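Working notes for the structure below.
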Amino acid sequence: GETNFSVICEDGSFYSFNAKYAHEPEMLNIEMKDFLENEDTTDFSHTRMNIYFRELGNESPLLVKLIMQSIYKNNDREIKHLGCKRFGVQFLVKGIYSHNGLFYFHTQTKNSSNVPFDTDFIRFKIVDKKVAKRTAIQETVIDPVRSYNEILVIGGKSTVRTVYTVPQFTIPDDKILVIELVEKNGGRHQTIRVENSDIVAAKVINELKIK
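Everything in the sequence shown is counted per the working numbering, starting at 426 for the first residue and increasing by one.
This is the structure we're talking about:
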């Protein structure tokens with residue numbers, strides 16, 4: 426028999442296909458990128474539609490990905506005062522960028538020790554300044570909606586950079602943003618305190634430059 430199905434790709438593109446049953450199919454798994462670029466397959470460009478994900482607001486997933494790639498590849502250090510170094514691990518915020526309702530945080534983690542750093546999670550949260558170092562009263566957690574080059578295990582003597590995308594926000598005067606990088610089954614947790622002045626100074630992205 427014949428049926429149809431739809432595919433939503435990470436970049437927000439949406440395709441609809443017709444399919445017929447085959448007792449012994451030539452392929453069981455299809456990589457969409459390779460399939461769409463294959464000269465032997467049908468041109469599906471006329472069937473493509475772009476969709477938007479709720480967590481990205483009015484920004485297209487493809488543009489979000491391109492912005493993260495651009496920030497990562499350009500590797501500029503726009504900020505030099507936001508960081509933490511404990512137990513041979515250095516955690517930095519190299520830049521904060523904004524575009525169309527989203528913030529992009531460019532981070533770097535350098536593990537100078539011989540012991541791998543196994544990341545449990547990274548958390549962005551807004552807390553009262555007076556309780557920033559305590560666990561958790563009156564905190565607002567802001568979950569990243571996308572990430573680029575997020576590598577959870579940072580080997581000994583190695584450095585990893587990651588770009589995190591979060592919904593745009595502001596911080597009241599009596600609060601700060603705390604970024605926590607927590608080690609799994611370990612104690613080398615890293616904490617960076619970000620003031621509202623750092624957030625409002627985020628660099629606005631007007632054009633993409635991908636090297």
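Beta carbons: idealized from backbone N, C-alpha and C, even for Gly. This structure is a prediction, so every number in the text was calculated from the model and none was measured.
- The DSSP assignment places 508-511, 514-524 and 527-536 as complete runs of the beta strand (DSSP E) inside the region 472-544, in order along the chain (cut-off: 3 residues).
- Secondary structure of valine 625 (DSSP, three-state): helix.
- With respect to the 7 Å criterion, glutamate 605 and threonine 590 are not classified as neighbours on the basis of their beta carbons.
- Of the residues Lys505, Ile492 and Pro597, the one whose Cα lies closest to the Cα of serine 572 is Ile492.
- Taking a cut-off of 8 Å on C-beta distances, the region 515-522 touches the region 612-630, as three or more cross pairs fall below it.
- For lysine 550, the three-state secondary structure derived from DSSP is strand.
- Cβ neighbours of valine 540 within its own chain (closer than 7 Å, five residues either side excluded): Gly581.
- With a cutoff of 7 Å on beta-carbon distance, isoleucine 547 and leucine 602 are scored as not near each other.
- In its chain, beyond the 5 residues on either side, Val607, Glu608 and Lys609 have a beta carbon closer than 7 Å to the beta carbon of aspartate 545.
- Histidine 531 counts as buried, since no fewer than 16 other beta carbons sit within 10 angstroms of its beta carbon.
- The Cβ atoms of isoleucine 576 and phenylalanine 542 lie no closer than 7 Å to each other.
- DSSP, reduced to helix, strand and coil, places lysine 555 within a helical segment of the structure shown.
- The beta carbon of glutamine 593 is closer than 7 Å to those of Ser523, Gly526, Leu527 and Phe528 in its chain, skipping five residues each way along the sequence.
- Between the alpha carbons of lysine 498 and threonine 428 lies a gap of roughly 42 Å.
- Boundaries cannot be given for lysine 609, as no beta strand (DSSP E) includes it and DSSP labels it neither H nor E.
- Within the same chain, Cβ atoms closer than 6 Å to the Cβ of glycine 508 are found at Leu517, the five residues on either side in sequence being excluded.
- A straight-line Cα-Cα distance of about 21 Å links histidine 506 and aspartate 553.
- Around aspartate 598, the same chain offers Asn621 as residues with beta carbons nearer than 8 Å, after the five sequence neighbours per side are excluded.
- As a beta-bridge residue in DSSP terms, glutamine 615 pairs with Leu606.
- A residue is called buried when at least 16 other Cβ atoms come within 10 angstroms of its Cβ; serine 537 does not meet this threshold and is exposed.
- In terms of Cα proximity to asparagine 500, the closest of Asp623, Ala626, Gly611 and Val588 is Val588.
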